[in-house]
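Reading the sequence shown from the start, the letters are residues 196 to 465 in my numbering.
Beta carbons are placed, not taken as given, at the ideal position from N, Cα and C, and that holds for glycine.
Fair warning: this is a prediction, and the values are worked out from it, not measured in the lab.
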Amino acid sequence: MALHMMRSSAPATRAVTRAPGVNRVSSVRVRAGPQETVGSASRRQAEVMAYLETLPGQGTSSGPFKGVWDPLNLAATATLPDMRRWRESEITHGRVAMLASLGFVIGEQLQDFPIFFNFDGQIKGQAINQFQQVGQGFWEPLLIAIGLAESYRVSLGWSTPTGKNFNTLKDDYDVGNLYFDPLGLCPENEDELFELKTKEINNGRLAMIAIAGFVLQELAEPGVEIFDHLFFTIIRDVDYEIDIVEKDLGLPPSIPLPELPEYQKGQPGF
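Structure representation (structure tokens):
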């Protein structure tokens, strides 16, 4: 998830970007300064679409959709600064969602262990209910850490807010690149870097859908943790398949079927 944070070998104004396995190379110069938003609507839209085609996470590399996926036709009225800001937002939200999805599941599994800020064992139950159970001693350093991280990100990529460039990114800012690569994982090869950025944006999009699904699922079934939904059905199905094979071979059952949780008893398919 930190791949967009890593050092990039391609600056924001680079003219050529190529995805792995793609022979066609875009020759459109992608500059995002305000001077490129001047002109006719058709020219502006063409510039926006040309910029989108150079981004990771578009076309066959992020199937099943081909080309630029824009069902709401937002690019029709957007400017290049708009698209760069939206891409920055998508990358940032994707990274947060990946952390949230992981923390959602892990938090529920570690609640029985007296570690971190749960020494008294008061943090328990569904993850959606653990937020308000955390003590004040956790929130103060967290807010400070978030403030420092966001201040660094804003200073790196966002323009000084004035009347002309309010809520815009710097022209020379490589969107999503925070130059954070402590393990030196960022490849020097542009095709490899493009592929890793595509994987990051795809995983971020999936994580945003996943964390929303986690929250809605726990709201729909109070008291049932997300781990029960993720793994009980898989274990049950595997045990049933093994039982069928053992019966066909005339063998005694070796694996007892798991006991259904109370909330699933009597439901169709159980």
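- Item | Through-space distance from residue 262 to residue 272, alpha-carbon basis | Here the question's residue 272 lines up with position 77 in the sequence shown. Here the question's residue 262 lines up with position 67 in the sequence shown. For residue 272 and residue 262, the distance between alpha carbons rounds to 18 Å.
- Would you be able to state if there are at least three C-beta pairs under 8 Å between the stretch 412-428 and the stretch 331-345? no
- Message: Pairs of beta-carbons, one from the stretch 269-287 and one from the stretch 380-389, closer than 8 Å: are there three or more?
- Response: no
- Query: Hey, how far is the Cα of residue 356 from the Cα of residue 366?
  - Reply: Translated into positions along the sequence shown, residue 356 becomes position 161. Translated into positions along the sequence shown, residue 366 becomes position 171. Answer to the nearest angstrom: the Cα atoms are 14 Å apart.
- So, do the stretch 320-335 and the stretch 438-447 have three or more beta carbon pairs nearer to each other than 8 Å? no
- Tell me whether residue 345 is buried or exposed, calling it buried when 16 or more other Cβ atoms sit within 10 Å of its Cβ. For the purposes of this step, residue 345 is taken as the residue at position 150 of the sequence shown. Classification of residue 345: exposed, given that the 10 Å Cβ count is below 16.
- Can you tell me whether DSSP reads residue 353 as helix, strand or coil? Counting from 1 along the sequence shown, the entry for residue 353 is found at position 158. Three-state result, residue 353: strand.
- Message: Tell me whether the stretch 400-412 and the stretch 289-301 touch, counting them as touching only if at least three CB pairs, one residue from each stretch, are closer than 8 Å.
- Response: yes
- Among residues of its own chain, excluding the 5 on either side of residue 252, which ones have a beta-carbon nearer than 8 Å to its beta-carbon? Counting from one through the sequence shown, the residue named residue 252 turns up at place 57. These residues qualify, in order along the chain: 392, 393, 396, 397, 400.
- Task: May I ask you to list the residues that DSSP assigns as paired with residue 364?
- Result: In the sequence shown, counting from the first residue as 1, residue 364 sits at position 169. The partner list for residue 364 (beta bridge, DSSP) reads 353.
- Query: How long is the line joining the alpha carbons of residue 351 and residue 373, rounded to whole angstroms?
  - Reply: Looking up residue 351 in the sequence shown gives position 156. Looking up residue 373 in the sequence shown gives position 178. Cα-Cα distance, rounded: 7 Å.
- Query: Are there 16 or more other CB atoms within 10 angstroms of the CB of residue 317, so buried, or fewer, so exposed?
  - Reply: By 1-based counting over the sequence shown, the position of residue 317 is 122. Exposed.
- Query: If you draw a straight line from the alpha carbon of residue 375 to that of residue 444, how long is it in whole angstroms?
  - Reply: On the sequence shown, residue 375 is found 180 positions in, with the first residue counted as 1. On the sequence shown, residue 444 is found 249 positions in, with the first residue counted as 1. So the two alpha carbons sit approximately 57 Å from each other.
- Give every residue of the same chain whose Cβ lies closer than 6 Å to the Cβ of residue 420, excluding the five residues on either side of it in the sequence, and list them in chain order. Counted from its first residue, the sequence shown places residue 420 at position 225. Once the five neighbours on either side are set aside, the close Cβ partners of residue 420 are 303, 321.
- Closest by C-alpha distance to residue 408, when choosing among 363, 292, 242: Numbered from its first residue, the sequence shown carries residue 408 at position 213. Closest by alpha carbon: 292.
- Query: Among the residues of its own chain, which have a CB less than 6 Å from the CB of residue 379, if the five just before and after it don't count?
  - Reply: On the sequence shown, residue 379 is found 184 positions in, with the first residue counted as 1. Cβ neighbours of residue 379 beyond the five flanking positions: none.
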